[in-house]
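Residue numbers (the numbering used here): 30 to 233.
Quick reminder that beta carbons are idealized off the backbone N, C-alpha and C, glycines included.
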């Protein structure tokens with residue numbers, strides 16, 4: 030995997046330094062810039078950055094406004110929100126600002142790392158611990174008829190190999206389609222995907 034160059038924007042120095050040290054223990058991640066405010070972030074952000082881990086509550090401005098400003102300058106950079114907010118209205122607003130990942134500050138480091146890697150690879154990431162109400166109020170996931178059929182077959186108790194045979198596809202193709210479903214629903218397991226699909230009325 031390519032080396033992922035991260036910028037940290039967080040006003041709490043102890044939290045930022047601790048997160049920086051954990052990230053730099055990873056073979057494929059390096060912290061190339063850091064800031065504690067909006068103004069400092071705009072001074073230090075550069076085209077070398079791949080992913081920004083962004084605190085939404087900054088001392089001199091709104092982190093989402095900052096995200097918009099950075100996207101205008103460097104549209105290739107992926108943004109992950111480090112936040113204490115988990116309501117649907119906030120997440121929808123953040124998505125409109127181009128934020129692709131959402132991780133609460135109380136999350137384990139592995140979740141933060143997953144958000145960095147997944148957004149770097151062009152996927153969205155929503156922390157699994159965020160409440161179901163939040164998940165259900167996000168915009169429509171845009172699942173295809175085939176993807177909904179896969180979920181319906183999973184809900185009926187069929188295993189992966191059986192479903193692949195039913196749909197005349199290889200097991201590897203099925204697994205790729207399943208990963209696409211996980212990405213669209215921002216989940217990490219079949220159980221989570223089925224829960225959301227049922228609540229949204231996509232399957233019975």
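Is residue i helix, strand or coil when you go by DSSP?
i, result
"residue 197", "coil"
"residue 227", "helix"
"residue 160", "Low confidence applies here, because residue 160 scores a pLDDT of 48, under 50, leaving its location unreliable; read the following figure in that light. Coil at residue 160, not helix or strand."
"residue 8", "The chain is shown from 30 up to 233; residue 8 falls before or after that span and cannot be answered."
"residue 95", "helix"
"residue 139", "helix"
"residue 165", "Note that residue 165 has pLDDT 48, beneath the 50 cutoff, so the model's placement of it is unreliable and the number below is only indicative. Helix at residue 165."
"residue 148", "helix"
"residue 35", "strand"
"residue 40", "coil"
"residue 212", "helix"
"residue 219", "helix"
"residue 56", "coil"
"residue 85", "coil"
"residue 111", "strand"
"residue 155", "strand"
"residue 65", "coil"
"residue 90", "strand"
Whose C-beta lies closer than 8 Å to the C-beta of residue i among residues of the same chain, with five residues either side of it excluded?
i, result
"residue 33", "57, 58, 59, 79, 80, 145, 146 and 149"
"residue 72", "64"
"residue 175", "196 and 206"
With a cut-off of 8 Å on the beta carbons, I'd call residue i and residue j a contact; round off their distance for me.
i, j, result
"residue 127", "residue 108", "6 Å"
"residue 129", "residue 111", "In fact, because the Cβ distance is near 13 Å, the residues do not count as touching under 8 Å."
"residue 95", "residue 70", "6 Å"
"residue 62", "residue 74", "7 Å"
Would you kindly check if the distance between the Cβ of residue j and the Cβ of residue i is under 7 Å?
i, j, result
"residue 83", "residue 38", "yes"
"residue 51", "residue 138", "yes"
"residue 93", "residue 66", "no"
"residue 172", "residue 215", "no"
"residue 132", "residue 141", "yes"
"residue 180", "residue 123", "no"
"residue 213", "residue 200", "no"
"residue 182", "residue 219", "no"
Excluding the 5 residues preceding and the 5 following residue i in the sequence, name in chain order all residues of the same chain whose CB lies nearer than 6 Å to its CB.
i, result
"residue 55", "none"
"residue 100", "127"
"residue 194", "none"
Of all the CB atoms in chain D, is at least one closer than 7 Å to the CB of residue i?
i, result
"residue 95", "Looking for chain D here will not work: only one protein chain is present."
For residue i, which residues of its own chain have a beta-carbon under 7 Å away from its beta-carbon, when the five flanking residues on both sides are left out?
i, result
"residue 40", "65, 66, 84, 87 and 88"
"residue 211", "217 and 222"
"residue 231", "172, 177 and 180"
"residue 68", "89"
"residue 113", "133 and 134"
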